[in-house]
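S.K.: Just dropping this structure here.
So, in structure tokens, the structure goes:
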């Protein structure tokens, strides 16, 4: 195994984090995490059901929130850019490599040749996020 972790495994989903935990981990405010949940960018496996209940997030969602924090810093909280990045991450079979986005299109690459192809295709204004640098939210 190359150290990359499958993002849909049961153990990953079993660990749940509070909204405050995810906000701290991702470098986002509590209100920003709440906003991203309301617009569907973040999807907690355990949703709040009325007053007095709390959302719980998986490790996978915390990692996605971490990426959202990196992308929002570079793209001034452009929701379309964030949505493109999140959709790409949700379909990635493993967590690792580089997320490359130009605000419209996003892809995950693992090798230098793939990165060069993505940069050539997407143009000069791209953001690259190193998914392997994401710390463990546990």
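Numbering (this note's numbering), first residue to last: 25 to 162. The beta-carbon is built from N, C-alpha and C at its ideal position, and this holds for glycine as well.
Name the DSSP bridge partner or partners of residue 130?
M.R.: According to DSSP, which records beta bridges pairwise, residue 130 is partnered with 125.
S.K.: Distance, Cα to Cα, residue 88 vs residue 98?
M.R.: Cα to Cα, the separation comes out at about 16 angstroms.
S.K.: Within a Cβ cutoff of 7 angstroms, which residues of the same chain sit near residue 90, ignoring the five residues on either side of it in sequence?
M.R.: Counting only Cβ-Cβ distances below 7 angstroms, and skipping sequence neighbours, we find 49, 50 and 158.
S.K.: What did DSSP end up calling residue 46 once you bin it into helix, strand or coil?
M.R.: Helix, per DSSP.
S.K.: In angstroms with no decimal places, state the Cα-to-Cα distance between residue 16 and residue 79.
M.R.: In the structure as shown, the chain begins at 25 and stops at 162. Residue 16 is therefore absent and cannot be evaluated.
S.K.: Hey, out of 62, 59 and 81, whose CA is closest to residue 69's CA?
M.R.: Of 62, 59 and 81, the residue nearest in Cα terms is 81.
S.K.: Nearest-angstrom Cα distance between residue 126 and residue 138?
M.R.: Approximately 15 angstroms between the Cα atoms of the pair.
S.K.: Quick check: what's the CA-CA separation for residue 144 versus residue 120?
M.R.: Rounded to the nearest angstrom, the two C-alpha atoms are 21 angstroms apart.
S.K.: Taking the Cβ atom as the reference point for each residue, do residue 113 and residue 92 lie within a distance shorter than 7 angstroms?
M.R.: Result no, Cβ atoms of residue 113 and residue 92 do not sit closer than 7 angstroms.
S.K.: Just reading off the alpha helix (DSSP H) that residue 61 is part of, what are its end residues?
M.R.: Element bounds for residue 61: 54-62.
S.K.: Which residues bound the beta strand (DSSP E) around residue 154?
M.R.: From DSSP, the beta strand (DSSP E) with residue 154 extends over 151-154.
S.K.: Identify whether residue 84 lies in helix, strand or coil by the three-state DSSP scheme.
M.R.: Of the three classes helix, strand and coil, the one that applies to residue 84 here is helix, per DSSP.
S.K.: Mapping the DSSP letters down to three states, classify residue 118 as helix, strand or coil.
M.R.: Reduced to three states, the DSSP call for residue 118 is strand.
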